[in-house]
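Peer 1: My structure is below; once you've seen it, I'll send some questions.
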């Protein structure tokens, strides 16, 4: 299954890194992908998170091409993570979508994990090619993350910046990021989503309460489906095989809505 490393420029003139997962014609029996998808990773994660890699490759086996990329300042992308925020994430998504449109085909499927899912929900209106959206363990608001980060290190609010350790890695967080998360009206963006929306979340997720998925389901406006992932954790570490299940779910569900765009 062909995987290729790609680079593209952000609106801030930083080089962002991605990996294009293309279906293998020999394996799928088709010369061209049925669908092109864009995948956004979770907060402080990268495109190389095992769950994202496995889901992307699982989708490629189902003849869905996937571009997964690193947000500014993370993974192999240029820039300073401390200077980023939810608005810069939305800008990076638009840049990635533009690259896909110029080199292959504009994405008809948007996928996001955790905060990447929040960014994808907020990006639907700015990507006219989007015909379906899938979010995994994603929040219904961004304020909770601002409060969590502020509680981890009060210096962020009192002095303007501070460090926090997430997933064993230390990151510098500036107050501007917390302000962005506090003030961003994700709820209003969710209410304007009018494309089919697949919401995947686990009641066993200890990082982000399942209630977030319920609130997303209640507020998203288009055709919607909520599927519980029994016993999965936030990063799909304790049940790695669930990533195959997730890929199959997205592909099967998406086929109903995306067939007309292939």
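Numbering (the numbering used here), first residue to last: 11 to 272.
Just so you know, even glycine gets a beta-carbon here, dropped at the ideal spot from N, CA and C.
Keep in mind that this is a model prediction, so the values were computed, not measured.
For residue 73, count neighbouring Cβ atoms within 10 angstroms of its own Cβ and tell me buried if that reaches 16, exposed if not.
Peer 2: Start at 1 with the first residue of the chain shown, and residue 73 comes out as number 63. Buried, because 16 or more other Cβ atoms sit within 10 Å of the Cβ of residue 73.
Peer 1: Does the beta-carbon distance from residue 121 to residue 29 come in below 8 Å?
Peer 2: Locating residue 121 in the chain shown gives position 111, where the first residue counts as 1. Locating residue 29 in the chain shown gives position 19, where the first residue counts as 1. Result no, Cβ atoms of residue 121 and residue 29 do not sit closer than 8 Å.
Peer 1: Using the beta-carbon count (16 or more within 10 Å), is residue 195 buried or exposed?
Peer 2: Residue numbering aside, residue 195 sits at position 185 when the chain shown is read from its first letter. Classification of residue 195: exposed, given that the 10 Å Cβ count is below 16.
Peer 1: Please classify residue 250: is it buried, with 16 or more other beta-carbons within 10 angstroms of its beta-carbon, or exposed?
Peer 2: Translated into positions along the chain shown, residue 250 becomes position 240. By the 10 Å Cβ count, residue 250 comes out exposed.
Peer 1: Just checking my contact of residue 239 with residue 222 at CB under 8 Å: how many whole Å lie between their CB atoms?
Peer 2: Counting from 1 along the chain shown, the entry for residue 239 is found at position 229. Counting from 1 along the chain shown, the entry for residue 222 is found at position 212. About 13 Å separates the two Cβ atoms, so there is no contact after all.
Peer 1: Measuring straight from C-alpha to C-alpha, what distance separates residue 229 and residue 218?
Peer 2: Residue 229 sits at position 219 when you count from the first residue of the chain shown. Residue 218 sits at position 208 when you count from the first residue of the chain shown. In a straight line, the C-alpha of residue 229 is about 18 Å away from that of residue 218.
Peer 1: What residue does the alpha helix (DSSP H) around residue 104 start on, and which one ends it?
Peer 2: Counting from one through the chain shown, the residue named residue 104 turns up at place 94. Element bounds for residue 104: 96 to 113.
Peer 1: Give every residue of the same chain whose Cβ lies closer than 7 Å to the Cβ of residue 99, excluding the five residues on either side of it in the sequence, and list them in chain order.
Peer 2: Locating residue 99 in the chain shown gives position 89, where the first residue counts as 1. So the list reads 81 and 129, once near-sequence residues are dropped.
Peer 1: Relative to the C-alpha of residue 48, which residue among 110, 236 and 183 is closest?
Peer 2: For the purposes of this step, residue 48 is taken as the residue at position 38 of the chain shown. When each option's Cα is compared against that of residue 48, the closest is 110.
Peer 1: CA-CA distance, residue 174 and residue 165?
Peer 2: Translated into the one-based positions of the chain shown, residue 174 becomes position 164. Translated into the one-based positions of the chain shown, residue 165 becomes position 155. C-alpha separation (whole angstroms): 10 Å.
Peer 1: Would you call the stretch 58 to 71 and the stretch 186 to 204 touching, i.e. three or more CB-CB distances under 8 Å?
Peer 2: They do not touch, by the three-pair rule.
Peer 1: Please check the pair residue 38 and residue 264, which I expect to be a contact at CB under 8 Å, by giving their CB distance rounded to whole angstroms.
Peer 2: By one-based count along the chain shown, residue 38 stands at place 28. By one-based count along the chain shown, residue 264 stands at place 254. Wrong, their Cβ atoms sit about 15 Å apart, outside the cutoff.
Peer 1: Pull up the CB-CB distance for residue 123 and residue 181, whole angstroms please, since I reckon it's below 8 Å.
Peer 2: Position 113 of the chain shown holds residue 123. Position 171 of the chain shown holds residue 181. Going by Cβ atoms, the distance from residue 123 to residue 181 rounds to 18 Å, so no, they are not a contact pair.
Peer 1: Can you name, in chain order, every residue of its own chain whose Cβ lies under 8 Å from the Cβ of residue 41, other than the five neighbours on each side?
Peer 2: Residue 41 sits at position 31 when you count from the first residue of the chain shown. Here the set comprises 35.
Peer 1: Kindly indicate the opening and closing residues of the alpha helix (DSSP H) around residue 53.
Peer 2: The residue you call residue 53 lines up with position 43 of the chain shown. Looking at the DSSP string, residue 53 is not in any alpha helix (DSSP H), and its letter there is neither H nor E.
Peer 1: When you compare only the Cα positions, how much space is there between residue 143 and residue 127?
Peer 2: What you label residue 143 is simply residue 133 of the chain shown in a count that begins at 1. What you label residue 127 is simply residue 117 of the chain shown in a count that begins at 1. Using only the alpha carbons, I get a separation of about 9 Å.
Peer 1: Tell me whether residue 95 is buried or exposed, calling it buried when 16 or more other Cβ atoms sit within 10 Å of its Cβ.
Peer 2: Taking the first residue of the chain shown as 1, we reach residue 95 at position 85. Buried.
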